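Enquirer: Residue numbers (our numbering): 687 to 1109.
By construction, the Cβ of each residue, glycine as well, lies at the ideal position given by its N, Cα and C atoms.
Being a predicted model, the structure only gives us computed values, none of them experimental.
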Ligand SMILES: Nc1nc2c(ncn2[C@@H]2O[C@H](COP(=O)(O)OP(=O)(O)OP(=O)(O)O)[C@@H](O)[C@H]2O)c(=O)[nH]1
Ligand SMILES: [Mg+2]
């Protein structure tokens, strides 16, 4: 079980802290705090108040300025908060100064996200990834002699000769991280072998990407008739799920669902989920799902682009899918289309627009097939692979060979080179 980075209190009521740097608008800060509220709600915490300070720069020791830090306790008392949560990742020292000034437990946006991930991870690989990210977070937060970790865990290792408590903690975490990385690599290898079996090698893979809660899993279910868990909360899906996507023409591809993105997505998580995210980057087409009813859709799409850039998917072909059009839309279709040419409008919930989406996906698939005339030894493994992945137009079985006319995935074409014949 992945450890969470935060101690859980009964009926937690949080005071949200945020800083407004130069160039950031009030609305941006408000949106970010609203999102923090959503994150907290997903982690079963209520945000009961907020405290924002305009700052030019933030010091390593003070998130809010010294004067403002002293106001936190009073603000918390006023709204009955028993927890303080910052809307950014804090340094160990920043946590310590706020804790000392308020006497309240303090956590940050990153630890809340890690907490949600820890609750939602269900597969072994998912759990390992979350544990890795949590440990990386803990390692960073040991800096400066802050003994938050040992206090929460009641000590995590036996001191070596001449080591300080901090050095011991650091060494124990580093060893644990190394072991976890090895375990994770092995688990990823096993997954790769399994996915090969599913022939992702030869079929077009569409990856659903987008902000968390945009409706990616609902769309996967709608398109493939699956029943992946969906929920009105953040980061419901953590583990990659791939499903076969069939078209009435007999062509098929693979649709893959994965973890959603968010603004300020912790780097430790991006690093820990590297393998998962790399498989997204390797798919042919990204279906970028966006909640069209969301007033912040443009900012959120910008955050999605940022993460895509970080995982090496900046150049991938993408199809923008504006979902939830059964609700009032945040902008006119024309406006969206001029910013995102070729965007498709759907409701994964009601099914509206799904036929058009399927048609567009099939157009992509058609480009990934070539029609070939083939003469293949009938006992060859290739015959089986062709039968599984191609659309066979005609087949004539002869003495030891089979003559085929088939639409074949381009990914398989190279291996068939020696068997191509004239029509
Ligand atoms: N009204 C409406 N709600 C939708 C639509 N599609 C999804 N939802 C709702 O939006 C919420 C999130 O849906 P999910 O499919 O879990 O979203 P997701 O993108 O997979 O989210 P994560 O896995 O958390 O990243 C759920 O409450 C869905 O019922 C839609 O077309 N219309
Ligand atoms: Mg999901």
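1) Look up residue 936 in the DSSP assignment and say whether it is helix, strand or coil.
2) Please tell me whether residue 795 has its Cβ less than 7 angstroms away from any Cβ of chain B.
3) Can you find the residues in the same chain that come closer than 6 angstroms, C-beta to C-beta, to residue 963, ignoring five residues on each side of it along the sequence?
4) I want to know whether the region 806 to 815 touches the region 917 to 924 - three or more CB-CB distances under 8 angstroms.
5) For residue 1083, count neighbouring C-beta atoms within 10 Å of its own C-beta (all shown protein chains included) and say buried if the count is 16 or more, exposed if not.
6) Which residue spans inside the region 687 to 766 form an unbroken alpha helix (DSSP H) run of at least 4?
7) Hey, is residue 976 close to ligand 1, as in C-beta under 6 angstroms from one of its heavy atoms?
8) Excluding the 5 residues preceding and the 5 following residue 767 in the sequence, name in chain order all residues of the same chain whose CB lies nearer than 7 angstroms to its CB.
9) So who's on the other strand from residue 972, going by DSSP bridges?
10) Where residue 744 and residue 750 are concerned, what is the direct C-alpha to C-alpha distance, given to the nearest angstrom?
11) Within its chain, find whatever has a CB closer than 8 angstroms to the CB of residue 949; leave out the 5 residues flanking it on each side and keep chain order.
12) Would you decide whether residue 911 is buried or exposed? Buried here means 16 or more other CB atoms lie within 10 Å of its CB.
13) Out of 712, 897, 1001, which has the shortest C-alpha to C-alpha gap to residue 983?
14) Beta carbon of residue 939, beta carbon of residue 951: below 7 angstroms?
15) Any contact of the region 898 to 908 with the region 785 to 792, i.e. 3+ C-beta pairs under 8 angstroms?
16) If we ignore side chains and look at the alpha-carbon of each, how far apart do residue 818 and residue 748 end up?
17) For the candidate residues 974, 705, 1032, 732, whose alpha-carbon lies nearest to that of residue 1015?
18) Is residue 745 near ligand 2 - that is, is its Cβ less than 6 angstroms away from at least one heavy atom of it?
19) For residue 778, is the classification buried or exposed, using 16 other Cβ atoms within 10 angstroms of its Cβ as the cut-off for buried?
20) Do residue 770 and residue 792 have their C-beta atoms closer together than 7 angstroms?
21) If we call anything under 7 angstroms between Cβ atoms a contact, is residue 741 one with residue 715?
22) Which word fits residue 917, buried or exposed, when buried means at least 16 other C-beta atoms lie within 10 angstroms of its C-beta?
Expert: From the atom records:
1) coil
2) Among the chains in the structure shown there is no chain B, since it carries only a single protein chain.
3) 997
4) yes
5) exposed
6) 712 to 728, 752 to 765
7) no
8) 699, 700, 701, 734, 735
9) 893, 1004
10) 7 angstroms
11) 718, 721, 985, 986, 989
12) exposed
13) 897
14) no
15) no
16) 27 angstroms
17) 1032
18) no
19) buried
20) yes
21) no
22) exposed
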